[in-house]
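**Q** Dumping the structure here so I can ask a few things about it.
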Amino acid sequence: MEPVTLRTDRLELSVPTAADIDAITAAAQDPEVPRWTTLPSPYDRAHAEAFVDKAAGWWEDESELTWGVRRGGRWIGMVGLHRVEKRGSAEIGFWMDAAARGHGYLTEAAAAVVEFGFAEPVALARIQWRAVVGNHASARVAQKLGFRYEGLLRQGLSDPRGRHDGWIAALLRTDDRSPQSWPIL
Numbered sequence: 001m002e003p004v005t006l007r008t009d010r011l012e013l014s015v016p017t018a019a020d021i022d023a024i025t026a027a028a029q030d031p032e033v034p035r036w037t038t039l040p041s042p043y044d045r046a047h048a049e050a051f052v053d054k055a056a057g058w059w060e061d062e063s064e065l066t067w068g069v070r071r072g073g074r075w076i077g078m079v080g081l082h083r084v085e086k087r088g089s090a091e092i093g094f095w096m097d098a099a100a101r102g103h104g105y106l107t108e109a110a111a112a113v114v115e116f117g118f119a120e121p122v123a124l125a126r127i128q129w130r131a132v133v134g135n136h137a138s139a140r141v142a143q144k145l146g147f148r149y150e151g152l153l154r155q156g157l158s159d160p161r162g163r164h165d166g167w168i169a170a171l172l173r174t175d176d177r178s179p180q181s182w183p184i185l
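76 is the number that full-length UniProt numbering gives to position 76 of the sequence shown; each next residue is one higher, with no gaps.
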């Protein structure tokens, strides 16, 4: 599949490019990024270069659909569908540059990705969200998108830093997308 560009009222989502490498590298230096994601720590420019090189290939083999989130042409975050099984399921993942947090950009970008994932040609039946226990910011985004909290995964996350407990939630194509009440928030 060719990479697809998504647009919202304020954002453009498109495949990450070499022009994003410095911004990705700088944003990954924020201690909150490795705290809640599986990005390597320390994260250097070579990591960003390798990531950008792989992203187009993931689109080609349809295993991962990854978008750089941009506001006014400037990279501010990442959103992706991982472990994509067309007409089956995928997992959504996301993170933002610290300066872009708190403006609703992540929810807006993730909503566009969810809509894309449920539409043709991907036509997912289920999108799953997982996060390290305690990542309330990520949980709030999933809750706003209508994901239904399913519970706690004991040793359910593969994480090189040894964090294993995670929360899990899911959204089905047929679900009402209004925000759900979650016991963890």
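Beta carbons: idealized from backbone N, C-alpha and C, even for Gly.
Helix, strand or coil for Ser14, going by three-state DSSP, please let me know.
**A** strand
**Q** Take Val79 as the anchor and find which of His47, Glu115 and Gly134 has the nearest alpha-carbon.
**A** For Val79, the closest C-alpha among the options His47, Glu115 and Gly134 is that of Glu115.
**Q** Using 10 angstroms around the beta-carbon of Pro16, count the other beta-carbons present and answer buried if the total reaches 16, otherwise exposed.
**A** buried
**Q** Among residues of its own chain, excluding the 5 on either side of Tyr43, which ones have a beta-carbon nearer than 6 Å to its beta-carbon?
**A** Ala28
**Q** State the beta-bridge partners of Gly77 as determined by DSSP.
**A** Val69 and Met96
**Q** Going by C-alpha distance, which of Trp95, Pro121, Thr66 and Ser63 is nearest Trp36?
**A** For the residues Trp95, Pro121, Thr66 and Ser63, the minimum Cα distance to Trp36 belongs to Trp95.
**Q** Once you ignore the five residues that flank Lys86 on each side, which residues in its own chain have a CB closer than 8 Å to its CB?
**A** Glu62, Pro121, Val122, Ala123 and Leu124
**Q** If we call anything under 7 Å between Cβ atoms a contact, is Val69 one with Leu11?
**A** yes
**Q** Let's test the definition: count the other Cβ atoms within 10 Å of the Cβ of Arg74 and tell me whether it reaches 16, buried, or not, exposed.
**A** exposed
**Q** Would you mind sorting Ser138 into buried or exposed? The rule is 16 or more other CB atoms within 10 Å of its CB.
**A** Classified as buried, Ser138 has 16 or more neighbouring CB atoms from the shown chains inside 10 Å of its CB.
**Q** Pull up the distance between the alpha-carbon of Leu171 and that of Gly146, whole angstroms please.
**A** 7 Å
**Q** Report the start-end ranges of each beta strand (DSSP E) in the region 95–180 that is 3 residues or longer and not cut off at the edges.
**A** Within the region 95–180, the runs of beta strand (DSSP E) that reach at least 3 residues and sit entirely inside it are, in chain order, 126–132, 148–153 and 166–172.
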